[in-house]
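All remarks here apply to the structure that follows.
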Ligand code: CP
């Protein structure tokens, strides 16, 4: 693996999930793999799970990890080619990225979308410029459109549950991604990425449900059934992934009248006693009710725990190539 930006960097999803589960069973088995290697974690935006789980994974592999909060501690970076830098930006990515490539063996980057211009966000300028200029492998810690380490952790979580409760051969699990209300406009990254990974995996029935106007970019939803009726979508679901995202077509906008989409126990009564997933952080009693989040079927803490093993599996693959 050269970089980890999306599911397209993965040769086999099942093999990578199995590797992550091996890391979970024996966290220090590859303690020498990262020995003498140093990783930079560059944050343009806040994080709890991503920054800590990736550092823990690096430590398990014997690698040093240095966190740099670019947004708060670094020079304001310029990403536009050929621009006259007589404004607020101080350093061009063409100069900064190669320098960081001198300091680190792997660079991990978190950069959220501005949610103002779809073309600009979906061009993934920040992460692509780091790939172009840093000269070392790049790992996405969530980019403008995707969150691949979260999706890998989600796949690990789903497969763990499936391994514990095997189905009769020929039967399929049903996974539902449901839109949820929120007080502010959020990126589409987690939803895009989850749809991309579940679609590429292809071993479950996959339904996405949302109010009209929240259609995701269809490059990520090719293998999903889209339903506007949440109750219909939830029928017989085994896994329900809850997530808000802002509109793609009316880019970055939210409609504040969609509160009835909050997931409750009553809505879940038509599911197959579904397991509940969310990437966190979550707005309680806005996206999901307390009763759902605090129920035995909630997988949210397990998902967050599995972020370590997702990161460790990916970093192991990259370390083998450098
Ligand atoms: N799920 C997730 O990426 O969490 P953080 O934003 O806290 O890293």
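Numbering (my numbering), first residue to last: 1 to 322. From the three backbone atoms N, C-alpha and C, an ideal C-beta is built for every residue, glycine too. All figures in this text were calculated on a predicted structure; none of them were measured in a lab.
Beta-carbon proximity of residue i to residue j, cut-off 7 Å
i, j, result
"residue 180", "residue 287", "yes"
"residue 63", "residue 22", "no"
"residue 101", "residue 134", "yes"
"residue 311", "residue 156", "no"
"residue 194", "residue 154", "yes"
"residue 106", "residue 318", "yes"
"residue 274", "residue 238", "yes"
"residue 4", "residue 314", "yes"
"residue 252", "residue 222", "no"
"residue 99", "residue 75", "no"
"residue 68", "residue 129", "no"
"residue 183", "residue 217", "no"
"residue 258", "residue 211", "yes"
"residue 147", "residue 189", "yes"
"residue 29", "residue 110", "no"
"residue 143", "residue 158", "no"
Sequence-distant residues of the same chain with beta carbon closer than 8 Å to residue i, five excluded per side
i, result
"residue 59", "65"
"residue 229", "209"
"residue 284", "290, 293"
"residue 71", "43, 44, 45"
"residue 234", "176, 178, 209, 240, 267, 268, 270, 271, 274"
"residue 316", "19, 23, 30, 33, 61"
Environment of residue i [buried if 16+ CB atoms lie within 10 Å]
i, result
"residue 167", "exposed"
"residue 276", "buried"
"residue 352", "Because residue 352 is not part of the residues shown, which for the chain are 1 to 322, the question remains open."
"residue 201", "buried"
"residue 173", "buried"
"residue 322", "exposed"
"residue 145", "buried"
"residue 40", "buried"
"residue 2", "exposed"
"residue 83", "exposed"
"residue 225", "exposed"
"residue 25", "exposed"
"residue 219", "exposed"
"residue 164", "exposed"
"residue 236", "exposed"
"residue 197", "buried"
"residue 114", "exposed"
"residue 124", "buried"
"residue 137", "buried"
"residue 152", "buried"
"residue 281", "exposed"
"residue 118", "buried"
"residue 296", "exposed"
"residue 171", "exposed"
"residue 8", "exposed"
"residue 244", "buried"
Near the ligand CP: residue i beta-carbon under 6 Å from a heavy atom
i, result
"residue 289", "no"
"residue 47", "yes"
"residue 50", "yes"
"residue 55", "no"
"residue 129", "no"
"residue 280", "yes"
Own chain, CB closer than 7 Å to residue i, minus 5 neighbours either side, in chain order
i, result
"residue 53", "307, 308, 311"
"residue 51", "41, 43, 67"
"residue 49", "280, 304, 307"
"residue 204", "172, 173, 174, 175, 198"
Distance cut-off 6 Å: residue i Cβ against heavy atoms of the ligand SAH
i, result
"residue 150", "No copy of the ligand SAH appears in this structure; the ligands present are the ligand CP."
Close beta carbons around residue i, own chain, < 6 Å, minus the five adjacent residues each side
i, result
"residue 254", "185, 246"
"residue 263", "242, 288, 292"
"residue 27", "60"
"residue 31", "62"
"residue 34", "61, 62, 63, 319"
"residue 122", "145"
"residue 16", "10, 313"
"residue 278", "242, 300"
Below-7 Å beta-carbon distance, residue i vs any chain B residue
i, result
"residue 311", "Checking the listed chains, one finds no chain B in this structure; it contains a single protein chain."
Fully enclosed by the stretch 156-211, which beta strand (DSSP E) runs are 3 residues long or longer?
Correct list: 173-179, 204-209.
Considering only residues of the stretch 73-160, which uninterrupted alpha helix (DSSP H) runs meet the minimum length of 4 residues and lie entirely inside it, listed in chain order?
The qualifying runs are 93-103, 118-122, 125-134.
Would you list, in sequence order, the uninterrupted beta strand (DSSP E) runs of no fewer than 3 residues that lie entirely inside the stretch 25-81?
You should have 38-43, 64-68.
What alpha helix (DSSP H) runs, 4 residues minimum, are completely inside the stretch 227-283?
230-234, 265-268
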